[in-house]
Amino acid sequence: DVFDQQFANFFKGFFADPQRGTEVFGFVTTGGELLNALIMFCAPAIVNRIGAKNALLTAGIIMSVRILGSSFATTAVEVVILKMLHMFEVPFLLVGTFKYISSAFNPKLSATLFLIGFNLSKQLSGVVLSAWVGRMYDTVGFHQAYLILGSITLGFTVISLFTLKGSKTLLPTAGYNNAA
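So in my numbering, the last spot in the sequence shown is 162, and the numbers never skip.
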């Protein structure tokens, strides 16, 4: 989310007329959200097939490509293509996260853990990182800031490759069946 906060300003920079950049950004974002909804409809079946860990890793790779790619983008077309990757990233991230949490914790707690653990940490990290990233935009520019953010994202994705467990159910069978 921190990456996307100033993305409209970054996008407008690829157009001679900022107003035209804003219009195109609006169309791209609207189209992306419609496709996002369509993909979200299919995401549970895909995540069930590839597993929660692989869904989260896929989301991390897409996110890394999107952010790092933006740091190297030189045309509006490249930025539009990178922005459209967001429609694949979000469904894998949301469905994969919920599936991973529900496989690792008692299903009675999974919605609570998703809301508190995932959403709260996402919002708090957004608050904390916004000032730092905003300062980076001002001091080193969008391209360098995106290179740094993309490298951090890729680093966490690689760490996740080794730290996330990949089995269908992460709960111990005996403890899961005895939970009342």
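Every residue gets a Cβ at the ideal spot worked out from N, C-alpha and C, and that includes glycine. Values in this document were obtained by computation on a predicted structure and should not be read as measured data.
Legend entry - Backbone secondary structure at Gln1 - three-state DSSP: helix
Inset, instruction - Write down the C-beta distance between Ala165 and Lys81 rounded to the nearest angstrom, noting that I regard them as a contact closer than 8 Å. - result: For residue 165 there is no data in the structure shown, the boundaries of the chain being -17 and 162.
Legend entry - Length of the line joining the Cα atoms of Lys(-6) and Ser85: 42 Å
Legend entry - Separation of Thr57 from Phe(-8), as counted between CA atoms: 11 Å
Inset, instruction - State yes or no: is the C-beta of Lys41 within less than 8 Å of the C-beta of Phe74? - result: In the sequence on display, residue 41 carries Ala and not Lys. Yes, the pair counts as a contact, with Cβ atoms nearer than the cut-off.
Legend entry - Reduced DSSP category for Lys81 - H, G, I as helix; E, B as strand; rest coil: helix
Legend entry - Gln105 - DSSP class collapsed to helix/strand/coil: helix
Legend entry - Close Cβ partners of Pro26 (< 7 Å) along its chain, the five nearest in sequence each way excluded: Val77
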